[in-house]
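Trainee:
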Amino acid sequence: MLFRLPGVYRPQRDTWLLAEVLAGRELGPGTRVLDLCCGTGALSVAACEGGAGWVTAVDVSRRAVISTWLNSKLNRRTVRVVRGDLVDPVRTLRFDVVVANPPYSPASDDSVRGRGRVLGLAWDAGIDGRAVLDRLCVAVPDLLAPGGTLLLVQSVLNGVEKSRTMLEERGLRVEVVASEHVPFGPALAGRARMLEEREMILPGQRTERIVVLAATDVGSRAGSRPSSFDE
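For the sequence shown, the numbering used here gives the first residue as 6, with consecutive numbering after it.
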């Protein structure tokens, strides 16, 4: 069971699909994992349970940070939880695995945060749903240790090929490692008519395909990592 403050993204099938992929990886005491857009911290806890010895979680939402911190304690796991805008708090660090379930629901406009819309922080991602995805695809490659991997979950509604192209342009080898058709979650279900009007979905469509991309560093990226935030 996971504690969740109001307004924090409730783990859904995309969360658990990503967790299943993570569970299939070899994690050990020396594995450094970053959970971006951590929400409740479900993936942080999963990384710890999988054997990772160094787990960091980041979210821009104060409520998400609190939820993740509490869930790490409730599950007796050690997670470094930091509040900040995407990769800003961890730019000097390098990770073996980065997991990301970012907001990717198309919204009515490009105002992805602010205006007191606490709920919107959990899923709003601009008109095309790529406001966070694009930033993530640009920034995360520089956080990967040599041979490190980004595990990213998103909907096909947001352009999987665009994510693949952006990551490949930054030197990563990209493959789809999991895929599943799922019913619309609460956010998309409430916006189905808007998506139909934009011709992003077919009339009456109420399912989407979610995929997990694995983007792996195949070269030697410059940079070293401090062993902790205190260094």
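All C-beta atoms in this analysis are idealised placements derived from N, C-alpha and C, irrespective of residue type, glycine included.
Can you check whether the CB of S77 is closer than 9 Å to the CB of S49?
Mentor: Yes, the pair counts as a contact, with Cβ atoms nearer than the cut-off.
Trainee: Alpha carbon to alpha carbon, how far is T83 from V60?
Mentor: Computed Cα separation, rounded: 7 Å.
Trainee: How would you call M6, buried or exposed, if buried means at least 16 neighbouring beta carbons within 10 angstroms?
Mentor: Exposed.
Trainee: Tell me which residues share the same chain as L23 and place their Cβ nearer than 7 Å to its Cβ, disregarding the 5 neighbours each side in the sequence.
Mentor: L48, V104, N106, L156, V158 and V217, listed in sequence order.
Trainee: May I ask which residues mark the beginning and end of the beta strand (DSSP E) holding S160?
Mentor: L149 to S160 is the span of the beta strand (DSSP E), which, as asked, contains S160.
Trainee: If you compare alpha carbons, which of P94, P11 and P16 is closest to L39?
Mentor: Minimum Cα distance to L39 is reached at P94.
Trainee: Do H186 and E166 have their CB atoms nearer than 9 Å?
Mentor: No, the Cβ-Cβ distance between H186 and E166 is not below 9 Å.
Trainee: For G181, is the classification buried or exposed, using 16 other Cβ atoms within 10 angstroms of its Cβ as the cut-off for buried?
Mentor: It should be noted that the sequence gives Val, not Gly, for residue 181. The residue in question, V181, is exposed, as its Cβ has fewer than 16 Cβ neighbours within 10 Å.
Trainee: Under the three-state reduction of DSSP, which class applies to L193: helix, strand or coil?
Mentor: In the structure shown, L193 sits in a helix (DSSP, three-state: H, G or I).
Trainee: What are the boundary residues of the beta strand (DSSP E) that A219 is part of?
Mentor: That run of the beta strand (DSSP E) goes T212 to D222.
Trainee: Enumerate in chain order the residues of its own chain whose CB-to-CB distance from C43 is below 7 Å, with the five nearest sequence positions on each side excluded.
Mentor: The answer, listed in chain order, is S49, A62, V63, D64, A69 and T73.
Trainee: Going by the CB atoms, is the gap between G56 and G33 shorter than 9 Å?
Mentor: Contact flag set, yes.
Trainee: Checking the sheet assignment: what are the DSSP bridge partners for E185?
Mentor: In the DSSP output, where bridge partners are listed per residue, E185 has I215.
Trainee: I need the straight-line Cα distance from S184 to S168, nearest angstrom please.
Mentor: Taking the straight line from one Cα to the other gives about 15 Å.
Trainee: Please name the residue in P191, L41 and G195 whose C-alpha comes closest to that of L138.
Mentor: The shortest C-alpha separation from L138 is found at L41.
Trainee: Taking the alpha helix (DSSP H) that A62 belongs to, which residues open and close that run?
Mentor: From DSSP, A62 is part of no alpha helix (DSSP H) but of the beta strand (DSSP E) over W59 to D64.
Trainee: Buried or exposed for V223, going by 16 or more other Cβ atoms inside 10 Å?
Mentor: With fewer than 16 Cβ atoms within 10 Å of its Cβ, V223 is classed as exposed.
Trainee: Identify, in the order they occur along the chain, each residue of the same chain with its Cβ nearer than 7 Å to the Cβ of L10, setting aside the five sequence neighbours on each side.
Mentor: Cβ within range, chain order: R68, I71 and S72.
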